[in-house]
Each structure stands twice: as C-alpha cells, then as structure tokens.
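So the sequence shown is numbered by UniProt numbering: it starts at 6 and just counts up by one. Using N, Cα and C, we set each Cβ at its ideal position, and we do this for glycine too. Only a predicted model underlies this, so the values are computations on that prediction, with no experimental measurement involved. What follows is one structure encoded as structure tokens, with my remarks underneath.
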Amino acid sequence: TPRPLAGPLATPALAGSYPQIRMRRNRTAPWVRDLVAENRLGVEDLIWPIFVREDDEPQTTIPSMPGVRRHTVAEAVEAVGAAASLGIPAIAIFPHVADARKSADCREAVDPENLVCRAVRAIKAAVPQIGIVCDVALDPFNSLGHDGLVHEGQVLNDESIEVLCKQARVQAEAGCDVIAPSDMMDGRVGAIRNCLDAADFEQVKICSYAAKYASAFYGPFRDAIGSSGALVGDKKTYQLDPANSDEALREVALDLQEGADMVMVKPGMPYLDIIRRVKDTFAVPTLAYQVSGEYAMIRGAADQGWLDGERAMLESLLAFKRAGASAVLTYFALDVARKLKEG
Ligand code: PBG
C-alpha cells in the first residue's frame with residue numbers, strides 16, 4: 006500500500022488514527038518510556054513482613070517459602086537494620102509460637118512478654134526510624150488455629166474482640182506503630198481504636214485488613230507461623246468469599262467509619278480489581294498484601310527456571326501501584342530494595 010503523502014499535499018487524515026497516530030513512538034527508547042511511565046515502584050512503597058521465632062526453636066527455614074526464614078529476635082534486629090539502610094519504611098512482624106504456648110483462650114497473645122512484644126521492643130530500640138506493623142489476630146497463639154476464640158465449633162465475635170483489644174494494647178505498649186487487625190471480626194476496629202485512645206495511644210495507627218478473603222494463597226504463611234496443623238476447619242465464617250466485591254466495599258466503609266487510618270486488601274494479585282474499587286470509591290490509603298502463596302508461586306517457578314524471577318517480582322509489584330495501592334506488603338521487599346538500588 007502506498008504511503009500517504011506528507012506536507013501540504015497530504016489528504017487530511019482521519020483525525021486520531023493511524024498513520025498520524027503511532028502508539029509505538031513513545032516506546033522507542035528507555036528515556037521516552039521513562040518519561041511517559043504512569044506508575045513507578047519505589048523502595049518507599051514496601052513493607053517487609055518478617056517471621057520471628059524463639060532462640061531455642063531450631064526450625065529456621067520454611068519449605069514452602071524458599072528464601073524466607075524465621076528470625077530470632079536478635080537476628081530480626083539485624084535484618085531490620087539492613088532493611089532500614091536500604092530505605093524500607095516499615096516491617097510487619099509475625100510470630101512462630103511454640104505449640105506449648107498455644108491455648109484455647111489465647112492468653113499468650115495478650116502477654117506483654119510474648120515473642121511479638123519482645124521483638125517490637127528490641128527492634129524499636131535498635132532501629133527507631135523504621136515503622137513497625139503488628140498483626141492483631143489470635144491464630145498464632147490459638148491451639149485451634151483460628152483468628153478468634155472458638156466455642157463449640159463457632160468462632161465467637163464479641164468475646165474475641167475483648168482479647169484482640171488487649172492484644173493491640175500490649176503491642177502498642179511495646180512500641181508498635183501500626184496496629185493491623187487481620188481477624189475480620191465485626192466491630193473490632195472501633196473497639197481497638199477506643200481502647201488505644203483510652204490508653205493514650207491516639208497516635209498509634211490502625212491499618213485494618215478490611216478486605217481479607219478466605220484464600221488458598223495463605224497456605225505457606227500458615228506453615229511459616231506453624232498454624233496449619235492446628236487449624237480446625239476453615240476461615241469462611243469470617244473472611245470474605247472470593248466471589249464478592251461489593252461486600253468488600255462495605256467492609257472497607259465500616260472499618261473507615263470505625264476509625265481505620267489505612268485499609269488493606271489481601272491477597273494481592275488475584276484481587277487487583279478490589280484495590281482499584283476501594284481506591285476509586287474511598288480515596289484513602291490502600292495497602293495491598295502480596296501474600297505467601299503469591300511469593301511461593303513466583304519464587305517456585307523462578308527456582309525451576311520457568312520464569313525470570315526478578316522481572317516477575319518487579320512486574321507483580323508495579324501492578325499493585327497501577328491498581329491504586331499506596332504500599333505493598335511483600336516478602337520480596339529486601340530483594341526489590343536491593344534491585345532498585347542497583348538501578
Ligand atoms: C492471620 C494472618 C494470615 C496472613 C496474615 N495474617 C493468615 C490467615 O488469615 O490465615 C496471611 C499472610 C500470608 O499468607 O502471607 N490472621
């Protein structure tokens with residue numbers, strides 16, 4: 006086909022179409038691609054979830070999460086120091102609790118000397134510039150593996166909230182900056198806010214896991230904290246049904262009304278549509294959690310040589326930014342920070 010004439014002799018082209026319009030022009034070189042990039046992933050977008058264990062607990066590796074380990078408190082302090090030097094703004098702490106310390110009343114969760122509180126105090130003292138996020142949920146401490154108290158096979162709502170409030174309070178006293186209720190009990194955000202305010206922790210933030218789905222992608226995490234064996238049944242009576250999206254918006258609306266400062270969507274990659282809807286509807290800080298199973302998929306495939314792990318990692322995280330997330334919890338945080346530093 007003949008090329009259309011250029012200059013004054015050219016037939017007026019169809020406005021807004023080829024060949025006047027060539028989308029590829031803005032993709033010809035890295036400099037122009039950088040110039041027109043709509044989203045960027047930076048180290049300041051990352052929250053690094055870490056697992057802590059007791060000194061006498063020998064299991065450091067997690068088979069379903071290659072490259073992730075359980076740290077003693079001393080090792081955690083060192084690792085978090087490294088994260089801070091890379092510019093990572095915050096970490097999230099998850100404990101691997103010995104079976105002997107788990108019980109049906111979850112009393113370990115509210116003990117100011119528990120593993121989480123000791124880790125928070127040690128990290129706060131050594132690395133004061135990093136933000137510390139603590140999960141509020143009973144599963145690591147529950148002999149039945151659920152996020153709330155269980156009575157006759159039912160996960161109790163209001164009774165669980167009382168324990169969750171105490172758990173939030175001991176974490177705040179230890180120096181936690183962001184309380185992150187991941188339990189999905191109704192009304193817990195407001196109750197925790199009141200409890201924190203009454204104890205003069207009005208600056209302690211609440212990031213609610215507002216849209217947390219009953220997901221198969223949490224499997225490796227449950228191995229990591231040692232709750233997979235304990236869990237009786239599933240979490241479908243409190244976590245969201247993966248079929249639902251409007252319901253997630255109601256959860257977010259309620260948590261915001263109860264005082265959440267930030268909301269989280271979890272898992273991440275299969276729920277990018279939820280992140281976008283939450284961001285568009287409420288225009289509030291919206292975090293995403295790239296959960297253990299997502300990490301395991303990318304890492305596992307990369308270890309097999311089936312995909313380029315580094316590129317898949319960066320692409321998956323950039324996708325969260327595009328969907329509207331302000332920050333992402335990811336087990337890749339250290340790798341990403343190192344990679345971004347290299348340029
Ligand atoms: C516990 C909790 C879970 C995760 C974070 N907090 C697991 C669950 O609800 O069973 C999952 C994180 C991950 O998979 O990386 N309430």
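When you compare each of the options to residue i by their alpha carbons, which one comes out closest?
i: Gly158; options: Pro275, Met274 and Ala109; result: Ala109
i: Asn43; options: Gly348, Tyr336, Arg327 and Ala342; result: Residue 43 is actually Glu in this sequence, not Asn. Comparing Cα-Cα distances from Glu43 to each of Gly348, Tyr336, Arg327 and Ala342, the minimum goes to Arg327.
i: Gly224; options: Val57, Ile67, Val138 and Pro63; result: Ile67
i: Cys122; options: Ala97, Tyr23, Ile26 and Asp104; result: Ala97
i: Glu263; options: Gly136, Arg198 and Val141; result: Arg198
i: Lys107; options: Leu91, Tyr294, Asn147 and Val85; result: Asn147
i: Ala221; options: Pro71, Pro275, Met28 and Cys212; result: Pro275
i: Val125; options: Glu299, Ala215 and His76; result: His76
i: Pro133; options: Thr242, Ala89, Leu143 and Leu161; result: Ala89
i: Glu256; options: Ile128, Met190, Leu120 and Ala95; result: Met190
i: Asp61; options: Ala265, Arg227 and Ala103; result: Ala103
i: Arg32; options: Pro24, Val78, Val41 and Gln25; result: Val41
i: Arg45; options: Ser321, Tyr218, Val115 and Cys170; result: Ser321
i: Glu207; options: Gly231, Glu178 and Ile230; result: Glu178
i: Arg227; options: Met70, Glu59 and Ser22; result: Met70
i: Glu164; options: Ala130, Ala34, Gly298 and Cys111; result: Cys111
i: Ala265; options: Asp251, Thr291, Tyr243 and Leu245; result: Thr291
i: Gly136; options: Ala204, Val209, Ala173 and Gln172; result: Val209
i: Ala130; options: Ser232, Ala79 and Leu245; result: Ala79
i: Asp340; options: Ala330, Tyr300 and Ser331; result: Tyr300
i: Tyr243; options: Val115, Met318 and Tyr214; result: Tyr214
Alpha carbon to alpha carbon, how far is residue i from residue j?
i: Gly314; j: Arg304; result: 6 angstroms
i: Ala81; j: Arg30; result: 48 angstroms
i: Ala87; j: Gly47; result: 17 angstroms
i: Val237; j: Asp39; result: 50 angstroms
i: Lys241; j: Lys217; result: 11 angstroms
i: Met302; j: Met269; result: 21 angstroms
i: Met28; j: Val194; result: 47 angstroms
i: Val283; j: Met267; result: 11 angstroms
i: Gly21; j: Val37; result: 21 angstroms
i: Val57; j: Ile26; result: 55 angstroms
i: Phe212; j: Asp260; result: Position check: residue 212 holds Cys in this sequence, whereas Phe was assumed. The straight-line gap from Cα to Cα measures roughly 9 angstroms.
i: Tyr336; j: Leu323; result: 15 angstroms
i: Ala338; j: Arg74; result: 14 angstroms
i: Cys120; j: Gly153; result: Note on residue identity: the sequence assigns Leu, not Cys, to residue 120. Between Leu120 and Gly153, the C-alpha separation is close to 19 angstroms.
i: Asp205; j: Ala307; result: 47 angstroms
i: Glu83; j: Tyr23; result: 57 angstroms
i: Asp144; j: Cys170; result: 15 angstroms
i: Asp251; j: Gly234; result: 33 angstroms
i: Gln172; j: Gly180; result: 13 angstroms
i: residue 1; j: Arg174; result: No answer is possible for residue 1: the residues shown for the chain start at 6 and end at 348.
i: Pro35; j: Ala219; result: 41 angstroms
Please name the residue or residues paired with residue i in a DSSP beta bridge.
i: Trp53; result: Ile96
i: Asp205; result: Looking at the DSSP assignment, Asp205 forms no beta bridge with any residue, so it has no partner.
i: Gln172; result: Per DSSP, none; premise fails for Gln172.
i: Gln159; result: His156
i: Arg74; result: Thr66
i: Asp140; result: Ala185
i: Val333; result: Leu51 and Ala293
i: Asn147; result: Ser108
i: Ala216; result: Val270
Please report the Cβ distance between residue i and residue j, rounded to the nearest whole angstrom; I am assuming they are in contact, meaning their Cβ atoms lie under 8 angstroms.
i: residue 1; j: Val138; result: With the chain covering only 6 through 348, there is no way to say anything about residue 1.
i: Val141; j: Ser187; result: 7 angstroms
i: Gly150; j: Ile166; result: About 19 angstroms separates the two Cβ atoms, so there is no contact after all.
i: Gly273; j: Ala293; result: 4 angstroms
i: Gln295; j: Val333; result: 6 angstroms
i: Arg316; j: Leu91; result: About 20 angstroms; that fails the 8 angstroms criterion.
i: Val85; j: Ile52; result: So it is not a contact: roughly 12 angstroms between Cβ atoms.
For chain B, check one thing: does any of its Cβ atoms lie closer than 8 angstroms to the Cβ of residue i?
i: Val194; result: Absent from the structure: chain B. Only one protein chain is present.
- Message: Quick check on the DSSP output: what are the complete alpha helix (DSSP H) runs of length 4 or more inside the stretch 261-326, in order along the chain?
- Response: Those alpha helix (DSSP H) runs which fall completely within the stretch 261-326 and span 4+ residues are 277-287 and 297-308.
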